[in-house]
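Going down the list, the protein sequences come from chains B and C.
According to full-length UniProt numbering, the stretch in the first sequence is residues 1 to 331, in order.
According to full-length UniProt numbering, the stretch in the second sequence is residues 1 to 343, in order.
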Amino acid sequence: MPLLDIKNLTLEIDTGTQVIKALDKINLTVNSGEIRALVGESGSGKSLIVQAISGATPPNWTITADRMSWNGNNLLSMSEQQRRQILRKDIGVVFQHAIASLDPSVTLGEQLEESLPEQLIEGSWFWQRAQSRRKEVIRTVHKVGIKDHEQYLQAYPHQIPTDIGQKLMLAMALISQPKMLIADDPTRGMETTTKVQVLKLLSRLNQTRSLGILFVSHDLLAIASMSHSMTVLYCGQTVESGKMKQIRKRPLHPYTKALLDSAPSFSKDLPPKSLLPTLPGTIPTLQHLPIGCRLGPRCPRAQRACVNVPSVRKIHDHAYSCHFPLHREKV
Amino acid sequence: MTRILFRYFVLFTLTLLALCALSFSLIYLFPAEPVTTLTGITPQNLIQHEALINQYHLNSNILVQFGDYLSELFAGNWGVSLISGQPLSKEIMLALPATIELSACAMFIVVVIGIPLGCYSGLRAYSNADFTINSISVTLYSVPVFWLAVIFILTFSLQFGWLPLSGRVNLLFDIPHQTGFLFIDILLADNLDKSAALSDAFLHLILPTLSIALMSTASMIRITRRSIIDVLNKPFIIAAKSKGLSSRQIFVRHVLRNALLPILPLMAMQITTLITNAMIVETLFSWPGIGNWLIQAIYQRDYSALRMGMLAVSTLVVMITIAIDLFNRLIDPSREKFESVTI
Ligand code: SF4
Numbered sequence: 001m002p003l004l005d006i007k008n009l010t011l012e013i014d015t016g017t018q019v020i021k022a023l024d025k026i027n028l029t030v031n032s033g034e035i036r037a038l039v040g041e042s043g044s045g046k047s048l049i050v051q052a053i054s055g056a057t058p059p060n061w062t063i064t065a066d067r068m069s070w071n072g073n074n075l076l077s078m079s080e081q082q083r084r085q086i087l088r089k090d091i092g093v094v095f096q097h098a099i100a101s102l103d104p105s106v107t108l109g110e111q112l113e114e115s116l117p118e119q120l121i122e123g124s125w126f127w128q129r130a131q132s133r134r135k136e137v138i139r140t141v142h143k144v145g146i147k148d149h150e151q152y153l154q155a156y157p158h159q160i161p162t163d164i165g166q167k168l169m170l171a172m173a174l175i176s177q178p179k180m181l182i183a184d185d186p187t188r189g190m191e192t193t194t195k196v197q198v199l200k201l202l203s204r205l206n207q208t209r210s211l212g213i214l215f216v217s218h219d220l221l222a223i224a225s226m227s228h229s230m231t232v233l234y235c236g237q238t239v240e241s242g243k244m245k246q247i248r249k250r251p252l253h254p255y256t257k258a259l260l261d262s263a264p265s266f267s268k269d270l271p272p273k274s275l276l277p278t279l280p281g282t283i284p285t286l287q288h289l290p291i292g293c294r295l296g297p298r299c300p301r302a303q304r305a306c307v308n309v310p311s312v313r314k315i316h317d318h319a320y321s322c323h324f325p326l327h328r329e330k331v
Numbered sequence: 001m002t003r004i005l006f007r008y009f010v011l012f013t014l015t016l017l018a019l020c021a022l023s024f025s026l027i028y029l030f031p032a033e034p035v036t037t038l039t040g041i042t043p044q045n046l047i048q049h050e051a052l053i054n055q056y057h058l059n060s061n062i063l064v065q066f067g068d069y070l071s072e073l074f075a076g077n078w079g080v081s082l083i084s085g086q087p088l089s090k091e092i093m094l095a096l097p098a099t100i101e102l103s104a105c106a107m108f109i110v111v112v113i114g115i116p117l118g119c120y121s122g123l124r125a126y127s128n129a130d131f132t133i134n135s136i137s138v139t140l141y142s143v144p145v146f147w148l149a150v151i152f153i154l155t156f157s158l159q160f161g162w163l164p165l166s167g168r169v170n171l172l173f174d175i176p177h178q179t180g181f182l183f184i185d186i187l188l189a190d191n192l193d194k195s196a197a198l199s200d201a202f203l204h205l206i207l208p209t210l211s212i213a214l215m216s217t218a219s220m221i222r223i224t225r226r227s228i229i230d231v232l233n234k235p236f237i238i239a240a241k242s243k244g245l246s247s248r249q250i251f252v253r254h255v256l257r258n259a260l261l262p263i264l265p266l267m268a269m270q271i272t273t274l275i276t277n278a279m280i281v282e283t284l285f286s287w288p289g290i291g292n293w294l295i296q297a298i299y300q301r302d303y304s305a306l307r308m309g310m311l312a313v314s315t316l317v318v319m320i321t322i323a324i325d326l327f328n329r330l331i332d333p334s335r336e337k338f339e340s341v342t343i
């Protein structure tokens, strides 16, 4: 049974003047011990998915789904209380903007202690518990690669550099020893060495503790080597998902192909000094979404049928939604 | 820390100096003889005139005059009132506490009612409760203070006769002046029916306090509500929710402090409005405060009183503003410790 199983997740945002379908029938699963990459350009709704899963939704959002379950329990129908427990114990979330996601008026040490669930604290007297809390915090902070904990645990968020903030955010997500980690671009803007450090830590946790990871990024290069499977998102629709290897070898969706082609190291037969292949145009804004397949206006293979939303088709566990996939000849 | 305190001290002194310079310039700007506006004494003959001019160095260089003016101010020699002939320091010390008492009570109501209501409607933003609170506060905010005071007098004092019409306390109570704050004075006084005096003073306080507090409460509700809504939309609240904290924990640990910190400096601005309104309302309720006193001075062209009254009130306002800003600086960790000091 997958840890997280999402089928046909739709998110509608009511802006007051119109209702925008920001996510349209998203499918996503994360198995225990699996690293799944969730890839898409910025604006494709990656962060919206993260927020929808973490349950912190503004009142003007409407979320519907055929299935959205955690370990077999329906997340949408359970009580607030139960859902909080799951978030507290089993799911760790790293948000995109680390510094903004930290409370500016509370020291980082206190914020870390706050993320620690009661069950992990030892001792029955309050001083024992305080000590145990502190030990746990320092241990986790060391684990994510921050050495001088004294300096940073006392500090307030505006006093620390961004990459330390990102690491602390990661520490905050990992401190509860979750079963799954949702990481929204945790390495954004980091130096290469730091980035490698963090990615290594995540793979190690995945192997030793069989931590399931949903790795959200637009940086295909960084995560291609460590992820087991991948889901590609375009403009709030899942366009293709499956095993990493399969998709890299043989993408079926025109968008996935364009994405892979635009990352030079993936296309081996690229002649020197040639233009990188790209799709014309840019990702549409949420206010002006095309009907049917949202890639339509930019797709080189688009035809009349594409004004209808393509349904999901499957070849084994490789799913795609396109009327004219690449393995079929153009009609 | 010492550095911040020092900076605030410098700022305070400079502002005070500017205020003193302004009040000094009034001596020459008022349509009366400088000697008269400065001392409050109208010289009866040439000899007295000459003597006063010599005493206050009015013939020397303007800087010398200003220096002299400052040292007289600090020595507590503020001149006498043109009309009553009483020393101004005494008159102001009599009137100012009454105004402070009134404003402090009003501020208490503003904080105790405004902030909780604002929090409530911010947390329930765009619900019916929020709309109700919000429309009431917009209405109250738009009501002119002097009109409201008159309406209060008409209904509660004249129509129903529930509350006294004017003054601070019934004249039957003979309360010796000690601190100028009535409630403290009553408690200090002996051979007096204290509970009766206290309740009488309290009844006198209700109407004036309400008439100035309502408008500021309304704006406090709106400021708090806005601030709460802003904080609720911050990413760190989303992050806190994803940690699985309960709404109560989130409100207490993360929302409240972050929402109240930006309110504090705005509160300082509220206090100035409050004092201004207090001065208007004092006239209507014959409250023996500084506002009432200043209005009298204006009517009677009491130039020396006007000069000192303006200085006293503005010093009070500057003091409160700087104190609140300093307090805010000390408790807000996200403000850079060495960012320059401004008001
Ligand atoms: S459905 Fe049509 S428009 Fe969409 S990706 Fe396939 S071919 Fe292109």
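Beta carbons are placed, not taken as given, at the ideal position from N, Cα and C, and that holds for glycine.
Treat the numbers as computed from the prediction; the structure is a model and nothing was measured.
Beta carbon proximity, A268(C) to chain B, threshold 7 Å: For the purposes of this step, residue 268(C) is identified with residue 268 of the second sequence, where counting begins at 1. No, because no Cβ of chain B sits closer than 7 Å to the Cβ of A268(C).
Cβ neighbour criterion (16 or more within 10 Å) applied to K257(B): The residue labelled residue 257(B) in the question sits at position 257 within the first sequence. The residue in question, K257(B), is buried, as its Cβ has 16 or more Cβ neighbours within 10 Å.
6 Å CB neighbourhood of N27(B) in its chain, flanking five on each side removed: Taking the first sequence and counting its residues from 1, one reaches residue 27(B) at position 27. Listed in chain order, the non-local C-beta contacts of N27(B) below 6 Å within the same chain comprise K7, T238, local neighbours out to five positions each way being set aside.
Alpha-carbon to alpha-carbon, A312(C) and S54(B): Taking the first sequence and counting its residues from 1, the one referred to as residue 54(B) is at position 54. Taking the second sequence and counting its residues from 1, the one referred to as residue 312(C) is at position 312. Each residue's Cα considered, the two are about 57 Å apart.
Amino acids of chain C, ordered along the chain, whose beta-carbon sits closer than 9 Å to that of D103(B): To locate residue 103(B), count along the first sequence from 1; it is residue 103. Ordered by position in chain C, the residues that pass the 9 Å Cβ test against D103(B) are K234, F236, I237, A239, A240, R253, H254, R257, N258.
C-alpha gap between F338(C) and R225(C), whole angstroms: Position 338 of the second sequence, counted from the start, is the residue given in the question as residue 338(C). Position 225 of the second sequence, counted from the start, is the residue given in the question as residue 225(C). At F338(C), the pLDDT of 47 sits below 50, so the modelled position is not reliable; the number obtained from the coordinates is stated separately. Rounded to whole angstroms, F338(C) to R225(C) spans 30 Å at the Cα level.
Three-way DSSP call (helix, strand, coil) for S176(B) in this model: As a working note, residue 176(B) is residue 176 in the first sequence. Under the three-state reduction of DSSP output, S176(B) falls in the coil class, being neither helix nor strand.
Within 7 Å, strictly: CB atoms of V137(B) and K167(B): The residue labelled residue 137(B) in the question sits at position 137 within the first sequence. The residue labelled residue 167(B) in the question sits at position 167 within the first sequence. No, Cβ-Cβ distance for V137(B) and K167(B) is not below 7 Å.
Near-chain C residues of the region 125–147 of chain B - C-beta to any C-beta below 9 Å: From the region 125–147 of chain B, no residue has a Cβ closer than 9 Å to chain C.
DSSP-derived helix/strand/coil call for F338(C): For the purposes of this step, residue 338(C) is taken as the residue at position 338 of the second sequence. Because F338(C) carries a pLDDT of 47, less than 50, the predicted location of this residue cannot be relied on, and the following value inherits that uncertainty. In this structure, F338(C) counts as coil in the three-state DSSP scheme.
Any residue whose CB is nearer than 5 Å to a heavy atom belonging to the ligand SF4, listed in chain order: Having a Cβ closer than 5 Å to some heavy atom of the ligand SF4 are P254(B), C293(B), L295(B), G296(B), C299(B), R301(B), A302(B), C306(B), P310(B), C322(B), H323(B), F324(B).
Partner residues on chain B for S334(C), Cβ-Cβ distance less than 7 Å: Locating residue 334(C) in the second sequence gives position 334, counting from the first residue. Here the neighbours are P104, S105, Y156, H158.
Limits of the unbroken beta strand (DSSP E) element including N61(C): As a first step, residue 61(C) must be located in the second sequence, where it is residue number 61. Annotation: N61(C) is outside any beta strand (DSSP E) and is labelled neither H nor E by DSSP.
Beta carbon proximity, V232(B) to chain C, threshold 7 Å: In the first sequence, residue 232(B) corresponds to position 232, counting from 1. The beta carbon of V232(B) does not come within 7 Å of any beta carbon belonging to chain C, so the residue lies off that interface.
Simplified DSSP state of D5(B), which is helix, strand or coil: Numbered from 1 along the first sequence, position 5 holds the residue referred to as residue 5(B). Here D5(B) sits in strand by DSSP.
Counterpart residues of E240(B) in DSSP-defined beta bridges: The sequence position of residue 240(B) within the first sequence is 240, counting from 1. In the DSSP output, where bridge partners are listed per residue, E240(B) has V232(B), Y320(B).
C-beta atoms of S176(B) and P117(B) nearer than 7 Å: As a working note, residue 176(B) is residue 176 in the first sequence. As a working note, residue 117(B) is residue 117 in the first sequence. Their beta carbons are under 7 Å apart, which means S176(B) touches P117(B) by this criterion.
Which of helix, strand or coil DSSP assigns to N27(B): On the first sequence, position 27 is the one that residue 27(B) refers to. N27(B) falls in the strand class under three-state DSSP.
Alpha carbon of I41(C) to alpha carbon of E50(C), nearest angstrom: Taking the first residue of the second sequence as position 1, residue 41(C) is located at position 41. Taking the first residue of the second sequence as position 1, residue 50(C) is located at position 50. Those two C-alpha atoms are separated by around 13 Å.
Inter-residue Cα distance where the pair is H177(C) and P97(C): The count along the second sequence starts at 1 and reaches residue 177(C) at position 177. The count along the second sequence starts at 1 and reaches residue 97(C) at position 97. Straight-line measurement puts the Cα of P97(C) at about 11 Å from the Cα of H177(C).
Contacts that L261(C) makes with chain B (C-beta to C-beta distance below 7 Å): Stepping through the second sequence from its first residue, residue 261(C) is reached at position 261. Correct list: S105.
Inter-stretch contact at 8 Å, needing at least 3 Cβ pairs: the region 111–130 of chain B / the region 180–190 of chain B: As far as the Cβ criterion goes, the region 111–130 of chain B does not touch the region 180–190 of chain B, which means the pair count is below three.
Per-residue contacts from G122(C) into chain B (C-beta, under 7 Å): Here residue 122(C) is taken as the residue at index 122 of the second sequence, counted from 1. Neighbours of G122(C) in chain B, taken as residues at a C-beta separation under 7 Å, are lacking, since the least C-beta distance is about 13 Å.
Contiguous beta strand (DSSP E) assignments of at least 3 residues, all confined to the region 16–65 of chain B: DSSP runs (the beta strand (DSSP E)) wholly in the region 16–65 of chain B: 19–30, 35–39, 61–64.
Straight-line Cα distance separating A125(C) from Q51(B): Position 51 of the first sequence holds residue 51(B). Position 125 of the second sequence holds residue 125(C). Each residue's Cα considered, the two are about 21 Å apart.
Residue 357(C) burial status per 10 Å Cβ neighbour count (16 or more: buried): This structure cannot speak to residue 357(C), because chain C is shown only from 1 to 343.
Cutoff 7 Å: V93(B) Cβ touching any chain C Cβ: Residue 93(B) sits at position 93 when you count from the first residue of the first sequence. Taking Cβ atoms only, chain C reaches closer than 7 Å to V93(B), which makes this a yes.
Strand pairing of F126(B), partner residues [DSSP]: Counting from 1 along the first sequence, the entry for residue 126(B) is found at position 126. Residue pairing from DSSP leaves F126(B) without any beta-bridge partner.
Three-state secondary structure (DSSP) of K314(B): As a first step, residue 314(B) is located in the first sequence; it is residue number 314 there, counting from the start. K314(B): strand per DSSP, three-state reduction.
C-beta contact flag for T140(B) and A171(B) at 7 Å: Numbered from its first residue, the first sequence carries residue 140(B) at position 140. Numbered from its first residue, the first sequence carries residue 171(B) at position 171. Yes.
is_contact[G67(C), chain B] using C-beta, thresh 7 Å: Along the second sequence, one-based indexing puts residue 67(C) at 67. Not one chain B Cβ lies under 7 Å of G67(C).
Cα-Cα separation between I228(C) and P58(B), rounded to whole angstroms: On the second sequence, residue 228(C) is found 228 positions in, with the first residue counted as 1. On the first sequence, residue 58(B) is found 58 positions in, with the first residue counted as 1. Rounded to whole angstroms, I228(C) to P58(B) spans 14 Å at the Cα level.
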